[in-house]
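**Q**
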Amino acid sequence: MEEPLIYLKSDCLRYIGVTINNPRHVEIPQGVTVVIGPNGCGKSTLGRIIEKGWNIATNSISSPRGKLNIKLIEFNDIHSLTGAKAEYYQQRHEATMNDEVPTVREVFAEKIETEEWKNFCSRLRLEGIEDKRLNFLSSGELRKLLIINILLDTPDLLILDNPYIGLDAASRQLLDDMIDAISSRGISVLMLLCNPGEIPDFVTTVIPMRDLTIEEPIKREGEMEQLRTSLMSLMDFAVDLDAIPLPWDKPIEHEVTLKMNKCSVKYGDKQIIKDESWTIMNGERWALAGPNGCGKSVLLSLVSADNPQAYANDITIFDRRRGSGESIWDIKKHIGYVSPEMHLYFKFNGTVTEVIAQGLRDTVGNYGKVSAFARERASAWIKLFHLEELAERRYNTLSAGEQRLVLIARTLIKHPALLIMDEPLHGLDAARKRSVRAVVNKLVNRDKPSLIYVTHFLPEVPECITRTKTLQKLKNV
23 MEEPLIYLKS DCLRYIGVTI NNPRHVEIPQ GVTVVIGPNG CGKSTLGRII EKGWNIATNS
83 ISSPRGKLNI KLIEFNDIHS LTGAKAEYYQ QRHEATMNDE VPTVREVFAE KIETEEWKNF
143 CSRLRLEGIE DKRLNFLSSG ELRKLLIINI LLDTPDLLIL DNPYIGLDAA SRQLLDDMID
203 AISSRGISVL MLLCNPGEIP DFVTTVIPMR DLTIEEPIKR EGEMEQLRTS LMSLMDFAVD
263 LDAIPLPWDK PIEHEVTLKM NKCSVKYGDK QIIKDESWTI MNGERWALAG PNGCGKSVLL
323 SLVSADNPQA YANDITIFDR RRGSGESIWD IKKHIGYVSP EMHLYFKFNG TVTEVIAQGL
383 RDTVGNYGKV SAFARERASA WIKLFHLEEL AERRYNTLSA GEQRLVLIAR TLIKHPALLI
443 MDEPLHGLDA ARKRSVRAVV NKLVNRDKPS LIYVTHFLPE VPECITRTKT LQKLKNV
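Position one of the sequence shown corresponds to residue 23 (my numbering), numbered consecutively onward.
#1: Using the C-alpha atoms, what's the distance from residue 232 back to residue 253?
#2: With DSSP as the reference, label residue 421 as helix, strand or coil.
#3: Assuming the contact rule is C-beta atoms closer than 8 Å, residue 270 and residue 282 should be a hit. Round their C-beta distance to whole Å, please.
#4: Could you give the distance in angstroms between the alpha-carbon of residue 173 and the alpha-carbon of residue 141?
#5: Between residue 412 and the rest of its own chain, which residues show a CB-CB distance below 6 Å, the 5 nearest in sequence each way excluded?
#6: Of all the options 487, 415 and 191, which has the alpha carbon lying nearest to the alpha carbon of residue 378?
#7: Which residue's Cα is closest to the Cα of residue 405: 280, 262, 335 and 487?
#8: State the start and end residues of the unbroken alpha helix (DSSP H) segment that holds residue 57.
#9: Are the segment 284-294 and the segment 327-339 touching by the rule of at least three beta carbon pairs closer than 8 Å?
#10: Taking C-alpha atoms, which residue in 359, 419 and 46 lies nearest to residue 444?
#11: Start and end of the alpha helix (DSSP H) containing residue 469?
#12: Could you pull the start and end residues of the alpha helix (DSSP H) that residue 358 belongs to?
#13: Between residue 213 and residue 179, is the Cβ-Cβ spacing less than 8 Å?
#14: Which one of 277, 495, 31 and 92 has the shortest CA to CA distance from residue 49?
#15: In whole angstroms, what separates the C-alpha of residue 71 from that of residue 422?
#16: Please report the straight-line C-alpha distance between residue 341 and residue 310, rounded to a whole angstrom.
#17: Report yes if the CB atom of residue 163 is closer than 8 Å to the CB atom of residue 312, and no otherwise.
#18: Note the first and the last residue of the continuous alpha helix (DSSP H) segment covering residue 128.
#19: For residue 35, count neighbouring C-beta atoms within 10 Å of its own C-beta (all shown protein chains included) and say buried if the count is 16 or more, exposed if not.
#20: Whole angstroms is fine: what's the gap from residue 489's alpha carbon to residue 274's?
#21: Looking at the secondary structure, which residues open and close the beta strand (DSSP E) in which residue 283 lies?
#22: May I ask which residues mark the beginning and end of the alpha helix (DSSP H) holding residue 396?
#23: Please classify residue 84: does DSSP put it in a helix, a strand, or coil?
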């Protein structure tokens, strides 16, 4: 039997004000290991402790190999390759604001000529990406690049926090194949997951976590499906669908929610969308599908008016032709929008109550004092999603999964006439995914808003969806 890669010897492990209980003095083995637990259980903190908590006096961490090269990739890291995060999430849609954003070739320089680069890109289907600007890559493509960038440094341990976020089904399988391959080359991998169904078949050790406590590791014996089923007991989260708040205002009257007539988006010589048409009548429920990099988020940016090229296209929204005198706020007033980009660039660091209450406005930041009415409405959504213990916590102290649940509540509080949910369940554990999907089904069937829902994972599509629009990736993208 191989000796462990890392010994966690402390009863308690600490990092930036958070304490992880470690009563069993867990060891991290070589190979591929999964740490799994519900949102808020401490997985991400444990990952940060293993990466850079060795010198904290209260943490007793060691390895038979001595000092290790450990790299951690988290959801919020996907724009780090540019050297600086964009100032606001609409920036990627503004061509003139992206002139200084480097291409993949400029970032990786001579690395792109190495056999390792070519091999990794081939494994993850990123061939021909070298001359694309980073801001024009999809979140899935950026995550793949981040992983390649780390692997070129040949770490002893690669920690992947929710690695499947933003990846379509084909890319998930490619990532699994790649992880299996690199582990056979001596690179150990620690995957931080919140859904038992995502555990790859080749994993041999699973470490459960609950309530900031590391539980007894499970060594794989028998079928992985049995292990996944037993781990579902970790997930305990349900909502009272009869408690979903009722709309507080009358919806805008209209027949056509959205009509796009041969719409196109182009940045320089890169055609992202070409001649796309789409009509959504009031109350229709659509899924928007397509592979990573096909332009789904760009298409939605035309709908929400976050993309300046919206005004160069033939778009009608709520029976009104775009560019006929309305302001951007007239458009956003009746649209609720949650997306990975919104999560990445969300900067208002108020309390959970304030963040949700601000959803009644049409802006992303904090503009003015939260009214008593808004706080009351926010409290109803906080109760629905069992966020009471987090209500007065600052947004930036939450885990990524907790943040995503707060942003979903912030979107739904407005009861918009058009609800756009772009990969809304990213980072949520299995139980919270089921509950949010059930809330969306109930709300849409009850209140009859129009719905656009984007996901790469078919089991996450709400049952209320009745139509699908599929985008294809253009050859030059």
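From the three backbone atoms N, C-alpha and C, an ideal C-beta is built for every residue, glycine too.
**A** So, to answer that:
#1: Here the question's residue 253 lines up with position 231 in the sequence shown. Here the question's residue 232 lines up with position 210 in the sequence shown. Straight-line Cα distance between these residues: approximately 11 Å.
#2: As a first step, residue 421 is located in the sequence shown; it is residue number 399 there, counting from the start. Residue 421: coil per DSSP, three-state reduction.
#3: In the sequence shown, residue 270 corresponds to position 248, counting from 1. In the sequence shown, residue 282 corresponds to position 260, counting from 1. At roughly 30 Å, the Cβ-Cβ gap does not stay under 8 Å, so residue 270 and residue 282 are not in contact.
#4: Against the sequence shown, residue 173 aligns to sequence position 151. Against the sequence shown, residue 141 aligns to sequence position 119. Looking at the backbone, the Cα of residue 173 and that of residue 141 are separated by about 11 Å.
#5: The sequence position of residue 412 within the sequence shown is 390, counting from 1. For residue 412, where only same-chain residues beyond five positions count, the Cβ hits under 6 Å are 374.
#6: Stepping through the sequence shown from its first residue, residue 378 is reached at position 356. Of the listed residues, the one whose Cα sits closest to residue 378 is 415.
#7: In the sequence shown, counting from the first residue as 1, residue 405 sits at position 383. Residue 405 has its Cα closest to that of 262, out of 280, 262, 335 and 487.
#8: For this step, residue 57 is matched to residue 35 along the sequence shown. First-last for residue 57: 54-58, but that is the beta strand (DSSP E), not the alpha helix (DSSP H).
#9: yes
#10: For this step, residue 444 is matched to residue 422 along the sequence shown. Here the closest residue by C-alpha is 359.
#11: What you label residue 469 is simply residue 447 of the sequence shown in a count that begins at 1. For residue 469, the uninterrupted alpha helix (DSSP H) run begins and ends at 452-469, by DSSP.
#12: On the sequence shown, residue 358 is found 336 positions in, with the first residue counted as 1. First-last for residue 358: 357-360, but that is the beta strand (DSSP E), not the alpha helix (DSSP H).
#13: Working through the sequence shown from its first residue, we reach residue 213 at position 191. Working through the sequence shown from its first residue, we reach residue 179 at position 157. At least 8 Å separates the beta-carbon of residue 213 from that of residue 179.
#14: Stepping through the sequence shown from its first residue, residue 49 is reached at position 27. For the residues 277, 495, 31 and 92, the minimum Cα distance to residue 49 belongs to 31.
#15: Here residue 71 is taken as the residue at index 49 of the sequence shown, counted from 1. Here residue 422 is taken as the residue at index 400 of the sequence shown, counted from 1. Note on geometry: alpha-carbon atoms of residue 71 and residue 422 lie some 17 Å from one another.
#16: Reading the sequence shown from its first residue, position 319 is the one you call residue 341. Reading the sequence shown from its first residue, position 288 is the one you call residue 310. About 21 Å.
#17: Position 141 of the sequence shown, counted from the start, is the residue given in the question as residue 163. Position 290 of the sequence shown, counted from the start, is the residue given in the question as residue 312. Using a Cβ distance threshold of 8 Å, residue 163 and residue 312 do not count as a contacting pair.
#18: If you number the sequence shown from 1, residue 128 lands on position 106. Note, residue 128: alpha helix (DSSP H), 126-130.
#19: To locate residue 35, count along the sequence shown from 1; it is residue 13. Classification for residue 35: buried.
#20: As a working mapping, residue 489 is identified with position 467 in the sequence shown. As a working mapping, residue 274 is identified with position 252 in the sequence shown. If I take the Cα positions, the gap works out to 23 Å.
#21: Mapped onto the sequence shown, residue 283 falls at position 261. Element bounds for residue 283: 278-289.
#22: As a first step, residue 396 is located in the sequence shown; it is residue number 374 there, counting from the start. Run containing residue 396: 394-406, per the alpha helix (DSSP H) assignment.
#23: Taking the first residue of the sequence shown as position 1, residue 84 is located at position 62. Looking at residue 84 - three-state DSSP - the assignment turns out to be strand.
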